[in-house]
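Novice:
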Amino acid sequence: MTSMPMPAHTMAAMMVVMMLPSSMLMLWRHHRAGGRLTALVGVGYLVVWSALGAATVPLGIAMTAMARAVPTMVGVVVAIAGALQLTTWKTRRLACCRHDDARPRHFGAALRLGVRLGVHCGQCCANLMAVVLVLGVADVRAMAVASMVIAAERLGAAGERIARVTGAVAVCAGLALVVRAHAGAGDAPRAARALPTHGIRAGGLAFASSR
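Under the working numbering, think of the first position of the sequence shown as -16, with each following residue one higher.
1) If we call anything under 8 angstroms between Cβ atoms a contact, is V154 one with G65?
2) Could you give the DSSP three-state label for V195: helix, strand or coil?
3) Do the CB positions of R88 and R137 come within less than 8 angstroms of each other?
4) Would you decide whether M1 is buried or exposed? Buried here means 16 or more other CB atoms lie within 10 Å of its CB.
5) Please confirm whether A129 and V117 have their CB atoms less than 8 angstroms apart.
6) Less than 8 angstroms separating the beta-carbons of P4 and G167?
7) Does the beta-carbon distance from G97 to L23 come in below 8 angstroms?
8) Out of P41, L29 and G157, which has the shortest C-alpha to C-alpha gap to L94?
9) Taking V161 as the reference, which of M7, A62 and M(-2) has the closest Cα?
10) Identify which residue in R163, A156, A134 and G142 has its Cα closest to the Cα of R75.
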């Protein structure tokens, strides 16, 4: 759950890689449906996600630092992100990502469509990205799981159902993390109180043996 600061361009590249499975399939469907200038649509889309990746570096570092200072924060963020998967807000955002049938006829329109799709996707994935950020901006496992969930809910035949299932799992996982963090916080003071006693006893034994 720890992470090291990374350059903005590295985080931007990681974001683009994370979104490749869903974006490539989306662009392929667009092309198969008769969409022209698909490459320019992809350029606009990836520009948005590159910018989001660079912008999330300071936010991710701040969230990771806060998570270390307040361990329950990780569980709270994961639980809230999961709860958002169950809402009509998520359903509407998925509809924007899954059912944009615009067919641009010139370069400018294609770029604008790619940017619009990127923004819609960013809104739809905001809760999942919050989980990645709170777990650590360099956590490859978290990014891989988020990438699979994003691709499944956006491109699967039952995307809304997939979102609800992953949301329920995230809520349970978040609550479990909160409970574990509280348990760990309760154990720490007991361990701290026990340390001086052990030290005094050890010092007494050492003094007695020296005599």
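Where is the CB? At the ideal position from N, CA and C, for every residue including glycine.
Specialist: Reading it off the structure:
1) Counting from 1 along the sequence shown, the entry for residue 154 is found at position 171. Counting from 1 along the sequence shown, the entry for residue 65 is found at position 82. Taking 8 angstroms as the Cβ cut-off, V154 and G65 qualify as a contacting pair.
2) Lying outside -16 to 194, the shown extent of the chain, residue 195 is not represented and no answer is given.
3) In the sequence shown, counting from the first residue as 1, residue 88 sits at position 105. In the sequence shown, counting from the first residue as 1, residue 137 sits at position 154. Not a contact, by the Cβ cut-off of 8 angstroms.
4) Here residue 1 refers to the residue found at position 18 of the sequence shown. So M1 counts as buried.
5) The residue given as residue 129 occupies position 146 in the sequence shown. The residue given as residue 117 occupies position 134 in the sequence shown. No, these two residues do not count as a Cβ contact at 8 angstroms.
6) On the sequence shown, residue 4 is found 21 positions in, with the first residue counted as 1. On the sequence shown, residue 167 is found 184 positions in, with the first residue counted as 1. No, the Cβ-Cβ distance between P4 and G167 is not below 8 angstroms.
7) In the sequence shown, residue 97 corresponds to position 114, counting from 1. In the sequence shown, residue 23 corresponds to position 40, counting from 1. Taking a C-beta distance under 8 angstroms as the contact criterion, G97 and L23 qualify as a contact pair.
8) In the sequence shown, the residue the question calls residue 94 occupies position 111. It is L29 whose Cα lies nearest to the Cα of L94.
9) The residue given as residue 161 occupies position 178 in the sequence shown. It is A62.
10) The residue given as residue 75 occupies position 92 in the sequence shown. R75 has its Cα closest to that of G142, out of R163, A156, A134 and G142.
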